[in-house]
Amino acid sequence: MVNGYAGKFLEIDLSNKKIKEITFSEKILQNYIGGRGLGVKVLWDRLGNKWETIDPLGPENILLMLTGPFTGYFLGARTCVTGKSPQGNGIIGSTVGGEFGVELKCAGYDGIIFTGKAEKPSYVFICDDNIEIKDASHIWGKTSRESMRYLVKDSINDIKRIHPNYGEFKEPSVLYIG
228 MVNGYAGKFL EIDLSNKKIK EITFSEKILQ NYIGGRGLGV KVLWDRLGNK
278 WETIDPLGPE NILLMLTGPF TGYFLGARTC VTGKSPQGNG IIGSTVGGEF
328 GVELKCAGYD GIIFTGKAEK PSYVFICDDN IEIKDASHIW GKTSRESMRY
378 LVKDSINDIK RIHPNYGEFK EPSVLYIG
C-alpha cells in the first residue's frame with residue numbers, strides 16, 4: 228500500500244443502512260493525492276455523466292470525508308469534506324482540523340463515502356472494526372454540547388459492550404459523524 232494510507236475506506240449507504248469496506252488502487256492513490264484530489268476523482272467517476280441533474284441536497288449526491296497520506300503524522304490532521312455544492316454547480320471542498328481524521332486513521336480507515344439519505348436523524352458509531360448507523364432522533368434539536376454529552380455517555384456504554392475489559396480512560400478509537 229502507498230505510504231501514509233491504511234488502504235481501506237468505508238462506504239456508508241444511509242438509505243439502505245449498508246456499510247462496506249472499499250479500496251482504491253495504488254495508482255489512484257498516487258495520482259490523486261490527499262482528500263481533496265481523491266474526493267474530486269470519486270465524485271467525477273460516480274456523478275460525472277449525470278452531474279447536471281444531481282440535486283446537491285438530494286440522496287443521489289455523495290458526501291466524502293477523506294484524509295490524506297499525512298493525516299496522523301505530526302504535520303497533518305486535516306480531513307477534506309467534498310461533495311456537489313448547493314451553491315452553483317461545482318464541487319465544494321472544505322478541510323476540517325481536529326482529531327477526526329487522526330482517529331479515523333487509528334480505526335484503520337482513510338475516509339468515508341456517504342451515499343443515500345437516512346429516513347430519520349442518524350449518526351455513525353465507529354469503534355475499531357465495529358461500525359453502526361445509530362438513531363439520533365433523541366438528540367435532534369439539542370445544542371452541540373448536549374448532543375456531545377449524550378454521545379460520549381452512550382459511546383462509553385457501547386465500548387464496554389464491545390471491549391468489556393476497557394475502562395473509561397482506555398477507550399479505543401471512537402468517532403462520531405453527524
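Just so you know, we're using my numbering here: the sequence shown kicks off at 228 and counts up by one. Ideal Cβ positions, reconstructed from N, Cα and C, are used throughout, including at glycine.
The beta strand (DSSP E) with LYS268 in it runs from where to where? For LYS268, no beta strand (DSSP E) encloses it; the enclosing alpha helix (DSSP H) starts and ends at 261-274.
On the premise that GLY328 lies in contact with THR306, defined as a C-beta separation below 8 angstroms, what is that separation, rounded to the nearest angstrom? The beta-carbon separation of THR306 and GLY328, rounded to 4 angstroms, stays under the 8 angstroms limit for a contact.
Given 8 angstroms, three or more beta-carbon pairs between the stretch 357-372 and the stretch 258-267: Touching, no.
For ASP240, which residues does DSSP report across the bridge? Paired residues: LYS245, THR342.
Coil, strand or helix - PHE297 by DSSP: In the structure shown, PHE297 sits in coil (DSSP, three-state: anything other than H, G, I, E or B).
For ASN357, report the span of its beta strand (DSSP E) as first-last. Segment 357-362, the beta strand (DSSP E) holding ASN357.
Please classify ASN392: is it buried, with 16 or more other beta-carbons within 10 angstroms of its beta-carbon, or exposed? Caution applies to ASN392, whose pLDDT of 39 falls short of 50 and renders its modelled position unreliable; the value that the coordinates give is listed next. Answer is exposed; the Cβ neighbour count stays below 16.
Beta-bridge partners of THR309, as assigned by DSSP: For THR309, which the question treats as bridged, DSSP gives the partners LEU291, GLY320.
Cβ shell of LYS344 (< 7 angstroms), same chain only, five flanking positions each side left out: Answer for LYS344: LEU241, SER242, PRO286, listed in chain order.
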